[in-house]
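Heads up, the thing below is written out as structure tokens.
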């Protein structure tokens, strides 16, 4: 474990906590893409298949449980909770899951470190995580402006992966044979997808104006 | 062949 990875995990944890708190306290999910939340639940479900077979550390297991519980409870809130679900904008949140899931699955079948079910699922979860934010970014473009909490959520989500890139660089230089091209490239693509959002988020923060995304 | 070491990152 290094400081970059710990900071990344904490930032990731903060992003889901911010989102859960927003939904739980104001009982609204306005501006949140259910599609993205469902994709994240799938990312964690396929990434953490080894939660009961490979014990890495207490920290690792606890964090996996937190991410699984939080992502599935966010989906539950948005689909089942009688008050929250009313604020879900299903007419605007129309991104098709399959357009992201199928290509990631096909890619994972061809590009993986080992052709085993767990490894292919793990690789699939990496590719899917890289693009899972797209429905949310599309929804933000459509609704044109976003409230602070959603902005913070997307920002933290992007920042966590950027910190992971620092972690991979650190590990590459400190651990011999630590080479994971698949992870690195998908993590880089994921962070680049946030780049334009970061640009608008930073400008709105600097000029102290409400975050407006161009149409 | 070596069993791929478990992924230690979240």
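Chains as they are written, first to last, in my numbering: chain A, 143 to 357; chain B, 329 to 338.
Think of the CB as a built atom: it goes at the ideal place given N, C-alpha and C, for glycine as much as any other residue.
No experiment lies behind these values; they were computed from the predicted model shown.
Leaving out the 5 sequence neighbours to the left and right, which residues in its chain are closer than 6 Å to residue 272 (chain A) when beta-carbon positions are compared? Counting from one through the first chain, the residue named residue 272 (chain A) turns up at place 130. Once the five neighbours on either side are set aside, the close Cβ partners of residue 272 (chain A) are 328, 331, 332.
Given 8 Å as the limit, is there contact between the region 331-345 of chain A and the region 262-278 of chain A, that is, 3 or more CB pairs closer than that? yes
Check whether chain B comes within 9 Å of residue 206 (chain A), counting only Cβ atoms and requiring the distance to be less than that. Counting from one through the first chain, the residue named residue 206 (chain A) turns up at place 64. Closer than 9 Å to some Cβ of chain B, the Cβ of residue 206 (chain A) qualifies, so yes.
So residue 198 (chain A) is in the alpha helix (DSSP H); what residue range does that whole segment cover? As a working note, residue 198 (chain A) is residue 56 in the first chain. That residue, residue 198 (chain A), is in no alpha helix (DSSP H); it is neither H nor E in DSSP.
Please classify residue 234 (chain A): does DSSP put it in a helix, a strand, or coil? If you number the first chain from 1, residue 234 (chain A) lands on position 92. Of the three classes helix, strand and coil, the one that applies to residue 234 (chain A) here is coil, per DSSP.
Return the chain-ordered list of same chain residues with a C-beta closer than 7 Å to the C-beta of residue 320 (chain A), the five sequence neighbours on each side being excluded. The residue you call residue 320 (chain A) lines up with position 178 of the first chain. Only 313, 314 meet the Cβ criterion.
Can you give the Cα-Cα distance for residue 150 (chain A) and residue 303 (chain A), rounded to whole angstroms? Here residue 150 (chain A) corresponds to residue number 8 of the first chain, with the count starting at 1. Here residue 303 (chain A) corresponds to residue number 161 of the first chain, with the count starting at 1. Residue 150 (chain A) and residue 303 (chain A): Cα-Cα distance of roughly 7 Å.
Best match in A:344, A:252, A:158, A:308 for proximity to residue 186 (chain A) [C-alpha to C-alpha]: Here residue 186 (chain A) is taken as the residue at index 44 of the first chain, counted from 1. Among A:344, A:252, A:158, A:308, the Cα nearest to that of residue 186 (chain A) belongs to A:158.
Exposure label - residue 177 (chain A); buried when at least 16 CB within 10 Å: Taking the first residue of the first chain as position 1, residue 177 (chain A) is located at position 35. Buried, since its Cβ has 16 or more Cβ neighbours within 10 Å.
Of all the options A:145, A:292, A:205, which has the alpha carbon lying nearest to the alpha carbon of residue 164 (chain A)? To locate residue 164 (chain A), count along the first chain from 1; it is residue 22. Of the candidates A:145, A:292, A:205, the one whose C-alpha sits nearest the C-alpha of residue 164 (chain A) is A:292.
Given a cut-off of 9 Å on the beta-carbon distance, is the pair residue 212 (chain A) and residue 162 (chain A) in contact? Looking up residue 212 (chain A) in the first chain gives position 70. Looking up residue 162 (chain A) in the first chain gives position 20. The answer is yes: Cβ separation under 9 Å.
Below 8 Å on C-beta distance, what does residue 147 (chain A) contact in chain B? To locate residue 147 (chain A), count along the first chain from 1; it is residue 5. 337, listed in chain order.
Taking 8 Å as the threshold, find out whether the region 165-184 of chain A comes into contact with the region 203-221 of chain A through three or more Cβ pairs. yes
Proximal residues to residue 305 (chain A) (C-beta, below 8 Å), its chain only, five neighbours per side dropped: The residue you call residue 305 (chain A) lines up with position 163 of the first chain. Excluding positions up to five away in sequence, the list reads 146, 147, 149, 150, 153.
Let me know the secondary structure DSSP gives residue 350 (chain A) once reduced to three states. Residue mapping note: residue 350 (chain A) aligns to position 208 of the first chain, counting from 1. Three-state result, residue 350 (chain A): coil.
Distance, residue 236 (chain A) Cα to residue 230 (chain A) Cα: Counted from its first residue, the first chain places residue 230 (chain A) at position 88. Counted from its first residue, the first chain places residue 236 (chain A) at position 94. One C-alpha to the other measures close to 12 Å.
What are the start and end residues of each continuous beta strand (DSSP E) run of 3 or more residues lying completely inside the region 281-344 of chain A, in chain order? none
Counting Cβ pairs, one atom from each stretch, are 3 or more of them under 8 Å apart for the region 240-247 of chain A and the region 278-298 of chain A? no
On the premise that residue 205 (chain A) lies in contact with residue 338 (chain B), defined as a C-beta separation below 8 Å, what is that separation, rounded to the nearest angstrom? Within the second chain, residue 338 (chain B) is the residue found at index 10, counting from 1. Within the first chain, residue 205 (chain A) is the residue found at index 63, counting from 1. The Cβ separation is near 5 Å, so the contact holds.
Which chain B residues are close to residue 202 (chain A), counting only those with a beta carbon under 9 Å from its beta carbon? Indexing the first chain from 1 puts residue 202 (chain A) at position 60. Within chain B, the residues near residue 202 (chain A) are 336, 337, 338.
My output table needs one value for residue 190 (chain A): the three-state DSSP class, helix, strand or coil. The residue given as residue 190 (chain A) occupies position 48 in the first chain. Correct three-state label for residue 190 (chain A): coil.
Just the C-alpha distance for residue 322 (chain A) and residue 296 (chain A), rounded to the nearest angstrom, thanks. Reading the first chain from its first residue, position 180 is the one you call residue 322 (chain A). Reading the first chain from its first residue, position 154 is the one you call residue 296 (chain A). Their Cα atoms are separated by approximately 26 Å.
Report all residues from its chain with a CB closer than 7 Å to the CB of residue 300 (chain A); omit the five preceding and five following residues, and keep chain order. Indexing the first chain from 1 puts residue 300 (chain A) at position 158. Once the five neighbours on either side are set aside, the close Cβ partners of residue 300 (chain A) are 333, 336, 339, 340.
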